[in-house]
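Novice: The structure follows.
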Amino acid sequence: MQLNYSSIRLFFLLFIACSPSSEKTDTKTQSIGIVIHGGAGTILRKNMTPEKEAAYRSVLAQAVKVGYNILKNGGSSQEAVEKTIHIMEDSPLFNAGKGAVLTAEETIELDASFMNGATLDAGAISGVKTIKHPISAAIKVMSNSPHVMLSGKGADEFAHEQGLEIVEPEYFFTERRINSLRKVKEAEQKEIQTSALEETFLRNQRYGTVGCVALDSEGNLAAGTSTGGMTNKKWNRIGDAPIIGAGTYANNATCAISATGWGEFFIRSVVAYDISALMEYKGLTIQEASRIVIHEKVASLGGDGGVVGIDNQGNIAMEMNTPGMYRAHIDNDGTLTVKIYKDE
Ligand code: ASP
Numbered sequence: 003m004q005l006n007y008s009s010i011r012l013f014f015l016l017f018i019a020c021s022p023s024s025e026k027t028d029t030k031t032q033s034i035g036i037v038i039h040g041g042a043g044t045i046l047r048k049n050m051t052p053e054k055e056a057a058y059r060s061v062l063a064q065a066v067k068v069g070y071n072i073l074k075n076g077g078s079s080q081e082a083v084e085k086t087i088h089i090m091e092d093s094p095l096f097n098a099g100k101g102a103v104l105t106a107e108e109t110i111e112l113d114a115s116f117m118n119g120a121t122l123d124a125g126a127i128s129g130v131k132t133i134k135h136p137i138s139a140a141i142k143v144m145s146n147s148p149h150v151m152l153s154g155k156g157a158d159e160f161a162h163e164q165g166l167e168i169v170e171p172e173y174f175f176t177e178r179r180i181n182s183l184r185k186v187k188e189a190e191q192k193e194i195q196t197s198a199l200e201e202t203f204l205r206n207q208r209y210g211t212v213g214c215v216a217l218d219s220e221g222n223l224a225a226g227t228s229t230g231g232m233t234n235k236k237w238n239r240i241g242d243a244p245i246i247g248a249g250t251y252a253n254n255a256t257c258a259i260s261a262t263g264w265g266e267f268f269i270r271s272v273v274a275y276d277i278s279a280l281m282e283y284k285g286l287t288i289q290e291a292s293r294i295v296i297h298e299k300v301a302s303l304g305g306d307g308g309v310v311g312i313d314n315q316g317n318i319a320m321e322m323n324t325p326g327m328y329r330a331h332i333d334n335d336g337t338l339t340v341k342i343y344k345d346e
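Here the numbering used here is used: the first residue of the sequence shown is 3, the next is one more, and so on.
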């Protein structure tokens with residue numbers, strides 16, 4: 003065969019097309035990522051001991067690593083969110099699962115929700131008293147019931163029927179939260195103007211919710227939130243955490259969001275969905291959208307708190323209008339970041 007210019011060119015083009023390196027440049031590798039929070043509030047260095055701070059940082063790191071390892075091994079964002087939240091629900095440090103805050107009747111009523119960004123399926127439970135891992139019950143509602151939200155006794159029964167781990171209500175109680183309830187009740191009964199310090203204390207009794215958002219190697223987003231709600235809550239009060247669109251939202255077209263803060267304001271601001279909508283309709287980045295919703299919309303109503311989020315490219319947001327938010331994330335390259343104070 004005679005080698006002329008066009009046959010050499012053809013050979014060269016065929017070689018480029020078949021070489022493995024050209025496959026690599028054509029196929030964009032999907033980023034993975036995970037972000038968590040353990041509640042936002044008046045978290046100040048002066049009120050923290052080194053031991054307490056180290057304990058929070060350690061559980062946050064442990065939890066986010068569990069989720070990241072699932073994602074790294076090709077697991078789903080749903081599994082990563084569920085298993086990460088289990089660690090925080092098991093820790094008495096957070097207001098979710100064990101260590102949750104008490105109601106005015108000295109009971110514990112737990113709320114949780116989950117959303118799958120690929121299918122827009124969602125599940126939530128509210129006011130449950132015996133489910134060890136409320137986030138798993140929310141996922142079961144999504145997967146194994148025709149409903150999105152179950153509440154109270156029925157939700158506890160459903161979780162039992164689904165074979166989830168059931169515990170005695172006493173399992174969730176901690177001395178710290180019993181003392182908090184007493185202090186809040188005392189302040190309530192005094193009916194005198196509370197000092198700035200007491201005010202700070204009272205505000206802090208509202209926070210400690212946990213949440214997780216993740217992006218998996220298939221490009222699927224998921225979000226979950228779990229909480230005991232607010233100390234001294236009455237009349238089966240329900241906050242934003244179990245409300246899809248307020249405390250939790252995920253959509254593969256935009257982002258996954260989990261919120262924490264003064265629930266009444268987060269419900270009225272439809273926080274999680276609003277961030278997604280600003281991205282979808284206005285083309286904002288996740289950071290721009292989160293900033294507007296937390297610093298302008300929620301704040302202008304008088305509410306406080308924060309969100310964590312991740313978009314479908316792996317960009318993250320950790321935004322708050324409080325002095326602190328327990329939070330952590332691991333990027334695609336495996337870098338771990340743990341933060342508590344706003345100015346970190
Ligand atoms: N958002 C939760 C609620 O209002 C409380 C929190 O995030 O700490 O129930």
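Even glycine gets a Cβ: it sits at the ideal position worked out from N, Cα and C.
Would Ala140 and Thr211 be called neighbours here (beta carbons separated by less than 8 Å)?
Specialist: no
Novice: Going by the DSSP bridge assignment, what does Tyr343 pair with across the sheet?
Specialist: Gly326
Novice: Tell me whether the beta-carbon of Ile332 lies closer than 8 Å to the beta-carbon of Tyr70.
Specialist: yes
Novice: Any chance the CB of Phe268 is under 7 Å from a heavy atom of the ligand ASP?
Specialist: yes
Novice: What residue range is occupied by the uninterrupted beta strand (DSSP E) comprising Leu166?
Specialist: Premise fails: Leu166 is in no beta strand (DSSP E) and is neither H nor E.
Novice: Closest to Gly316 by C-alpha separation, out of Thr105, Ala56, Ser79, would be which residue?
Specialist: Closest option to Gly316, Cα to Cα, is Ser79.
Novice: Count Cβ pairs between the segment 218-235 and the segment 257-264 that sit closer than 8 Å; are there 3 or more?
Specialist: yes
Novice: Return the CA-CA distance between Thr324 and Pro171, expressed in angstroms with no decimal places.
Specialist: Straight-line Cα distance between these residues: approximately 31 Å.
Novice: Under 8 Å, do Ala57 and Leu104 count as touching if we go by C-beta distance?
Specialist: no
Novice: Bridge partners of Ala225, per DSSP?
Specialist: Met117, Val215
Novice: Helix, strand or coil: which one does DSSP assign to Gly69?
Specialist: Looking at Gly69 - three-state DSSP - the assignment turns out to be helix.
Novice: Is it buried or exposed, Ala252, if we count other Cβ atoms within 10 angstroms and call 16 or more buried?
Specialist: Under this definition Ala252 is a buried residue.
Novice: Quick check: what's the CA-CA separation for Asp345 versus Gly125?
Specialist: Answer to the nearest angstrom: the Cα atoms are 35 Å apart.
Novice: Hey, is the segment 36-48 in contact with the segment 102-120, meaning 3+ C-beta pairs nearer than 8 Å?
Specialist: By the C-beta criterion, the segment 36-48 is judged not to be in contact with the segment 102-120, since fewer than 3 inter-stretch pairs fall below 8 Å.
Novice: Just mark Gly77 as buried or exposed, buried being the case when its beta carbon has 16 or more other beta carbons within 10 Å.
Specialist: So Gly77 ends up on the buried side.
Novice: When you compare the segment 277-284 with the segment 235-244, are there three or more beta-carbon pairs, one atom per stretch, that lie closer than 8 Å?
Specialist: These segments do not touch.
Novice: DSSP three-state label for Val300, please.
Specialist: helix
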